[in-house]
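Enquirer: Numbering-wise (numbering that gives the first Met the number 0), the sequence shown opens with residue 0 and increments by one. The beta carbon of each residue, even a glycine, is placed where N, CA and C say it ideally should be.
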Amino acid sequence: MIPAQFDYVAPGTLDEALSALAEAGEDAKVLAGGQSLLPVLRMRLNVPSLVVDLGRIEALRGVRDDGDAIVIGAMTRHIDVLTDPLVREHAALLSEAVGHVADPQVRHRGTFGGALAHADPAGDLGAPTLAVGASFEVAGPNGTRTVDADDFFEDLFTTAVQDGEILTEVRIPKHTGWGAHYEKFVRVAHQWPIVAVAAAVKVEGATISEARVGLTNMGLTPLRARSVEAALVGQPATDETVRVAAASAAEGTSPPSDLNGEADYRRHLATVLTRRAVLAAAGV
Ligand SMILES: Cc1cc2nc3c(=O)[nH]c(=O)nc-3n(C[C@H](O)[C@H](O)[C@H](O)COP(=O)(O)OP(=O)(O)OC[C@H]3O[C@@H](n4cnc5c(N)ncnc54)[C@H](O)[C@@H]3O)c2cc1C
0 MIPAQFDYVA PGTLDEALSA LAEAGEDAKV LAGGQSLLPV LRMRLNVPSL
50 VVDLGRIEAL RGVRDDGDAI VIGAMTRHID VLTDPLVREH AALLSEAVGH
100 VADPQVRHRG TFGGALAHAD PAGDLGAPTL AVGASFEVAG PNGTRTVDAD
150 DFFEDLFTTA VQDGEILTEV RIPKHTGWGA HYEKFVRVAH QWPIVAVAAA
200 VKVEGATISE ARVGLTNMGL TPLRARSVEA ALVGQPATDE TVRVAAASAA
250 EGTSPPSDLN GEADYRRHLA TVLTRRAVLA AAGV
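As structure tokens, this is what we get:
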């Protein structure tokens with residue numbers, strides 16, 4: 000289908016983009032890589048009066064070192080996150096997860112911030128941002144605010160980014176020396192995950208000193224598997240510890256039932272994939 004008619008602007012600065020959004024009101028839509036927005040427009044699920052293309056705002060692109068954190072610009076394409084040495088060294092979990100997003104074609108157009116702002120519950124990047132304790136910079140007419148990952152994903156396709164606001168960058172505390180693994184379960188290559196698990200684990204001596212686990216597609220938003228995290232910390236990094244901890248992975252989740260699997264099947268998958276992800280992250 001062909002989208003309904005809309006006005007289009009491609010500003011060169013963040014301030015210009017925010018002004019364009021403010022002028023158009025809630026009828027405006029931000030365009031990043033277009034990989035999710037364009038199908039939505041073509042199906043006329045959304046009919047904006049104005050599309051504000053962020054593609055010319057260079058300040059929103061790239062990865063930088065910021066002391067104890069790395070910062071990923073919202074308009075950084077998936078492929079550039081995947082190949083970035085800073086991300087690989089300090090946020091290996093994200094480096095690995097972004098390699099699971101779609102296929103090379105989508106990864107060359109889609110953006111890190113676009114995927115997170117879109118907040119598809121099956122998206123591969125939400126759970127890893129929870130697991131690394133990321134924070135999100137959101138710019139709006141009244142300035143910039145910071146939102147922790149735990150507060151960013153509010154509901155189905157809904158984040159803390161309000162009408163008139165733009166996600167500008169994602170800040171990730173350096174996880175240098177942590178083990179990390181993203182375990183994604185699909186039936187065919189390049190599919191959205193049926194369930195996936197993101198694990199970041201720090202092992203000191205033979206003991207798990209810190210553990211963060213995020214779940215993909217186990218509810219309307221990405222979720223933390225807090226009971227698993229609590230069961231791991233302070234325990235020896237052994238197969239038995241991880242098996243016992245992973246058994247509670249589905250606690251507090253409400254996974255969907257669809258053609259790829261019933262909710263009960265997903266609950267079972269969550270325990271199996273959590274065990275695999277944590278074992279790999281802990282190097283057991
Ligand atoms: C065939 C196909 C397969 C895919 N498979 C997967 C997969 O397996 N795993 C996965 O995780 N993803 C998958 N995706 C989605 C992919 O990750 C997209 O890149 C992503 O969903 C949207 O990113 P984008 O940059 O294209 O954003 P757009 O499509 O341009 O925008 C998406 C939404 O976010 C909003 N938005 C974008 N940027 C900002 C911003 N900076 N501030 C505020 N709002 C913003 C837009 O207004 C829009 O509502 C797939 C996509 C396709 C087309």
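Is asparagine 141 close to chain B, meaning its C-beta is less than 9 Å from at least one C-beta of that chain?
Expert: Of the chains in the structure shown, none is chain B; there is only one protein chain.
Enquirer: I need the boundaries of the beta strand (DSSP E) containing histidine 180, first residue and last residue.
Expert: Counting along the chain, the beta strand (DSSP E) containing histidine 180 begins and ends at 178–184.
Enquirer: Express the C-alpha separation of phenylalanine 151 and serine 134 in angstroms, rounding to a whole number.
Expert: Going from the Cα of serine 134 to the Cα of phenylalanine 151 covers about 8 Å.
Enquirer: If you reduce the DSSP assignment to three classes, tell me which class valine 131 lands in.
Expert: Valine 131 falls in the coil class under three-state DSSP.
Enquirer: Could you check how far apart the C-beta atoms of glycine 213 and leucine 219 are, in whole angstroms? I think they sit under 8 Å.
Expert: That pair is no contact at about 14 Å.
Enquirer: Which runs of the alpha helix (DSSP H) spanning at least 4 residues fall entirely within the segment 138–173, listed in chain order?
Expert: Runs of the alpha helix (DSSP H) inside the segment 138–173: 148–151.
Enquirer: By DSSP, does serine 94 sit in helix, in strand, or in coil?
Expert: Here serine 94 sits in helix by DSSP.
Enquirer: Alpha carbon to alpha carbon, how far is serine 247 from leucine 20?
Expert: In a straight line, the C-alpha of serine 247 is about 44 Å away from that of leucine 20.
Enquirer: Do proline 254 and alanine 262 have their C-beta atoms within less than 9 Å of each other?
Expert: In contact: proline 254 and alanine 262 (Cβ atoms closer than 9 Å).
Enquirer: Throw me the rounded Cβ distance for the alanine 280 and threonine 215 pair, which I believe falls under 8 Å.
Expert: Not confirmed; about 15 Å, so no contact.
Enquirer: I need the straight-line Cα distance from lysine 183 to valine 160, nearest angstrom please.
Expert: Going by the C-alpha atoms only, they are around 27 Å apart.
Enquirer: Can you name the start and end residues of the beta strand (DSSP E) that alanine 224 belongs to?
Expert: Per DSSP, alanine 224 belongs to no beta strand (DSSP E) and is neither H nor E.
Enquirer: CA-CA distance, valine 187 and threonine 252?
Expert: Going from the Cα of valine 187 to the Cα of threonine 252 covers about 25 Å.
Enquirer: Along the chain, where does the alpha helix (DSSP H) containing alanine 262 start, and where does it finish?
Expert: Looking at the DSSP string, the run of the alpha helix (DSSP H) that includes alanine 262 is 262–281.
Enquirer: Can you tell which of Leu13, Arg275, Met217 has the C-alpha that lies nearest to the C-alpha of alanine 249?
Expert: Measuring from the Cα of alanine 249, the nearest candidate turns out to be Met217.
Enquirer: Taking DSSP's pairing of strands, which residues face glutamate 228 in a bridge?
Expert: Answer by DSSP bridge pairing: none, since glutamate 228 is not bridged.
Enquirer: Within 10 angstroms of its Cβ, does leucine 81 collect 16 or more other Cβ (buried), or is it exposed?
Expert: Classification of leucine 81: buried, given that the 10 Å Cβ count is 16 or more.
Enquirer: Would you mind reading off the limits of the alpha helix (DSSP H) that contains isoleucine 319?
Expert: Outside the shown range of the chain, which is 0 to 283, sits residue 319, and nothing can be said about it.
Enquirer: Is glycine 72 near valine 62, with beta carbons less than 9 Å apart?
Expert: It is a contact, given that the beta carbons lie within the stated cut-off.
Enquirer: Roughly how many whole angstroms lie between the Cα atoms of glutamate 168 and leucine 59?
Expert: So the two alpha carbons sit approximately 7 Å from each other.
Enquirer: Return the CA-CA distance between valine 277 and valine 46, expressed in angstroms with no decimal places.
Expert: Going from the Cα of valine 277 to the Cα of valine 46 covers about 43 Å.
Enquirer: At a threshold of 8 Å, does serine 35 count as lining ligand 1 (C-beta to nearest heavy atom)?
Expert: Because some heavy atom of ligand 1 lies under 8 Å away, the Cβ of serine 35 counts as near it: yes.
Enquirer: Here's a check: name, in chain order, each residue in its chain whose Cβ is nearer than 6 Å to the Cβ of arginine 55, leaving out the five neighbours to either side.
Expert: If we look at arginine 55 and ignore the five residues flanking it on each side, its Cβ neighbours are Ala9, Gly11.
Enquirer: My guess is that isoleucine 193 and glycine 260 are in contact by the Cβ rule of under 8 Å, so how many angstroms apart are they, rounded?
Expert: Right, their Cβ atoms sit about 6 Å apart.
Enquirer: Helix, strand or coil for alanine 68 per DSSP?
Expert: Of the three classes helix, strand and coil, the one that applies to alanine 68 here is strand, per DSSP.
Enquirer: Quick check on this structure: which residue in Glu25, Phe5, Val196, Ala205 has the alpha carbon closest to the alpha carbon of arginine 265?
Expert: Among Glu25, Phe5, Val196, Ala205, the Cα nearest to that of arginine 265 belongs to Val196.
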